[in-house]
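Residue 203 in UniProt numbering is what sits at position 203 of the sequence shown, and the numbering runs on without skipping anything.
Report on the structure given below.
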Amino acid sequence: MRAIEIQKTGGPAVLQLVERPRPELTGPDDILVRLMAAGVNPVDTKIRANGALLPAGFPLVPGCDGAGVVEAVGADVTRFKPGDEVWFCHGGLGGPVGNYAEYICLDNHLAQAKPHALGFAEAAAAPLVLLTAWEALSDRAGLAADQTVLIHAGAGGVGHVAIQLARLAGARVCTTVSGPEKADFAHALGAEYCINYREEDLVHAVMEWTGGRGVDVALDTVGPACFRQTIPAMAAYGNLVTILDPGPDLDLKEARVRNLRLSLELMLTPQLRDLPRALAHQGEILRRCGKLIDSGELKIHVSQTFPLAAAAQAHQLLEAGHVTGKLALTID
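Shown next as structure tokens:
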């Protein structure tokens, strides 16, 4: 089968199209999936640049997100049959199991039935960001109806689904964007107020929007500087969640005075630590998101697709920044 392989860390040029053996069923609970598309995520670029997250290491087939058609099933599989369409977040963290390829073999319990409303590219682009946003807002922050929430980078991959999930929870949403087009996009998703971070002071804008109270919940999808800037924009007893390392030089005096709950969100933890119950919980999140998608309440925006052989171009675009929504690889 064709696959993208990384043999050493480096820039996008280390992504090489190669021929690899097609994976085979190894256990009674496995399914073999003919991949139709793979999501492209920032974690893929970080693994390419910095190294594998699992001991299997290199050579590595990247790609955490996939969607495709079940080709074969193990003896004990009753949830799926050949021809079923599935989506999932699995692989891409080290070794030969990843979704930048024509086939992948995985435990059937890690996959869910693909939403009917999504094409394969949209379905492949969705799992990681959906799981991240849901876990951050619901599991970490306990977001509730009528709360105010700040979503950073609302036009980005995690941000654009986080806005929608927060609105579905009954919250009021403000978000940061880089310009008018991104603001129009975020408003269409349900954001009530958009802050142009290039032109406006974050804290002043948030306090104006909340009548001086600050937001109940904030989701940082940008990094350490953004995390620090958000602390004085929080309401007392608020929840601030980051999906990135907040950095070593944190002054948390103001966070302590405000009695904030600070949370870290990494949806890859169940894979990295082999946590079956957490993986099952993520499966339930995907199932529930699928229902919201099929009912028209939740949308996935893919701004651009690339053929498998052009994975390096997708990484270049993602690392250049300011992608609206998600990118995906289509596998012919």
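Glycine included, each C-beta is placed from N, C-alpha and C at the ideal position.
It should be emphasised that the depicted structure is a prediction, and the values quoted were computed from it without experimental measurement.
- Annotation: the continuous beta strand (DSSP E) that includes residue 88 extends over 85 to 89.
- Here residue 118 is not near residue 268, since their CB atoms are 9 Å or more apart.
- Under the three-state reduction of DSSP, residue 307 is assigned to strand.
- Secondary structure note for residue 25: it is in no alpha helix (DSSP H), with a DSSP letter that is neither H nor E.
- For the pair residue 63 and residue 36, the CB atoms are not nearer than the 9 Å cut-off.
- Bounds of the beta strand (DSSP E) holding residue 175 are 172 to 177.
- Shown here for residue 163: same chain residues with a beta carbon closer than 8 Å to its own, the five before and five after excluded, namely 151, 154, 173, 175, 186, 189, 190 and 191 in chain order.
- In the three-state scheme derived from DSSP, where H, G and I count as helix and E and B as strand, residue 294 is classed as helix.
- Membership of residue 114 in any alpha helix (DSSP H) is not indicated, and neither H nor E is assigned to it by DSSP.
- Look at residue 76 here: in three-state DSSP terms it is coil, with no helix or strand label.
- If you draw a 10 Å sphere on the C-beta of residue 291, you find fewer than 16 other C-beta atoms in it, and that means exposed.
- An exposed status is given to residue 199, since fewer than 16 other beta-carbon atoms sit within 10 Å of its beta-carbon.
- Distances from the CA of residue 44 to each of 322, 14, 30 and 19 were compared; the closest alpha carbon is that of 14.
- Here the alpha carbons of residue 9 and residue 50 stand approximately 6 Å from one another.
- Going by DSSP, residue 299 is part of no beta strand (DSSP E) at all; its letter is neither H nor E.
- Contact between the region 119 to 136 and the region 321 to 331 is present, with at least three C-beta pairs closer than 8 Å.
- With a cutoff of 9 Å on beta-carbon distance, residue 128 and residue 30 are scored as not near each other.
- Taking each of 248, 210 and 208 in turn and checking the Cα distance to residue 225, the smallest one comes out for 248.
- Between residue 217 and residue 239, the C-beta gap is smaller than 9 Å, which places the two residues in contact.
- DSSP places residue 220 in no alpha helix (DSSP H) but in the uninterrupted beta strand (DSSP E) bounded by 215 to 220.
- If you check the CB distance, residue 98 and residue 61 come in under 9 Å.
- A residue is called buried when at least 16 other Cβ atoms come within 10 angstroms of its Cβ; residue 318 meets this threshold and is buried.
- Beta-bridge pairing by DSSP links residue 195 to 176.
- Pairing residue 260 with residue 171, the inter-Cα distance amounts to about 19 Å.
- Here residue 137 is buried. Its C-beta has 16 or more other C-beta atoms within 10 Å.
- Under a 10 Å Cβ-count criterion, residue 160 is classified as buried, with 16 or more other Cβ atoms of the shown protein chains found around its own Cβ.
- With fewer than 16 other CB atoms across the displayed protein chains lying within 10 angstroms of its CB, residue 237 is exposed.
- For the set 280, 53 and 66, the Cα lying nearest the Cα of residue 100 is the one of 66.
- Distance from the Cα of residue 95 is smallest, within the candidate group 303, 23, 304 and 207, for 23.
- The region 240 to 280 contains, as complete alpha helix (DSSP H) runs of 4+ residues, the segments 253 to 257 and 269 to 272 (chain order).
- DSSP places residue 31 in the strand class (E or B) of the three-state scheme.
- DSSP places residue 56 in the coil class of the three-state scheme, outside both helix and strand.
- It is roughly 31 Å from the alpha-carbon of residue 270 to the alpha-carbon of residue 235.
- Annotation for residue 255: 231 and 262 place their beta carbon closer than 7 Å to its own, counting only its chain and skipping 5 residues before and after.
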